[in-house]
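Residue numbers (the working numbering): 1 to 321.
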């Protein structure tokens, strides 16, 4: 049974993962080589506790109790006794390989070790660990912000035991996550591949002068995005009629963007240091607030959306009970 969790990395993803667990009764230790990052994480913790409570998310325990569940350390050895360790370090293969090897050497036999990578292969990250440990490794890919977006993608290594997979799957669901199993190791897993395909078509429409930035945003936000807030794509297809969708796919697929393109409209933004919110300008301008201000504004909106999502999910679960 998973009772205490170690999280490696106190950045955006590591903090969000830890927040999800401590607000659901778990003891968590965050390990990071940068002790100064802990103060930022502590400030964010109080900020998001306030946001969640203000937006009506049910959190049973007091702030003091929740905050006391979170510990910080710069020593990897301090998390070796954890039941579950989630590595959320920088997307650097050599670094992740080193971390997994160190954890394999120092952790107890019971410890399950997972990676939150979104772009690297689990098979390569776990290359140097022992045969016995391979039975207890997984990929657990959270989505940013990890403490708000429900999805966690789970991928087994070939040697991962089904018992371990089931334990992690049940644990994630218990703390409020929606899990999917990725059955084959493919670049981008599932959700990021779908998101990238959408981005490719959207950028093609933009670059080819078919639509403006504002109208493209509205087309997604007020169209498919609006419907996606209440169901996934396959159910949308069911409601539209699979016979209709079959015809639409036959007609539109040849015309859709399918080439590998550089997308000059995107490269020009990057070349001129217009990276988006973090530089106050991307496809849109972000004046008057720093990045943290815009992130908190976005996340408050996502928490409101989470409340609606949970109501829909609870209704579906009740209907199938």
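Here a beta-carbon is modelled for each residue, glycine too, at the ideal position from N, C-alpha and C.
As the structure is a prediction and not an experimental result, all values here were calculated from the model.
Q. Can you list, in chain order, the residues of its chain whose CB lies under 6 Å from that of residue 180, leaving out five sequence neighbours each side?
A. 153
Examine the ligand MN and report whether any of its heavy atoms sits within less than 7 Å of the Cβ of residue 314. Inclusion of the ligand MN in the displayed structure is not the case, the ligand content being empty and no account of it being possible.
What residue from 63, 7 and 159 has the CA that sits closest to residue 116's CA? 7
Exercise. If you compare alpha carbons, which of 43, 11, 23 and 257 is closest to residue 30?
Worked result: 11
Taking just the CA atoms, how far does residue 184 sit from residue 121? 11 Å
Notebook entry, point to check: Anyone know if the C-beta pair for residue 111 and residue 83 falls short of 8 Å?
Noted result: yes
**Prompt:** In the DSSP assignment, what are the bridge partners of residue 156?
**Reply:** 138
Tell me which same chain residues have a C-beta within less than 6 Å of the C-beta of residue 133, skipping the five on either side of it? 104
How is the beta strand (DSSP E) around residue 283 delimited, first residue to last? Note, residue 283: premise wrong, no beta strand (DSSP E); not H, not E.
Quiz item: Just checking my contact of residue 22 with residue 53 at CB under 8 Å: how many whole Å lie between their CB atoms?
Solution: Contact flag wrong, Cβ pair sits at about 15 Å.
Report all residues from its chain with a CB closer than 7 Å to the CB of residue 201; omit the five preceding and five following residues, and keep chain order.
256 and 257
- Three or more beta-carbon pairs under 8 Å between the region 235-251 and the region 295-314, yes or no? no
Point to revise | Where residue 181 sits in the DSSP three-state scheme | key: strand
Contiguous beta strand (DSSP E) assignments of at least 3 residues, all confined to the region 32-113: 70-73 and 84-87
Exposed or buried, residue 155, counting other C-beta atoms within 10 Å across all chains shown (16 or more means buried)? buried
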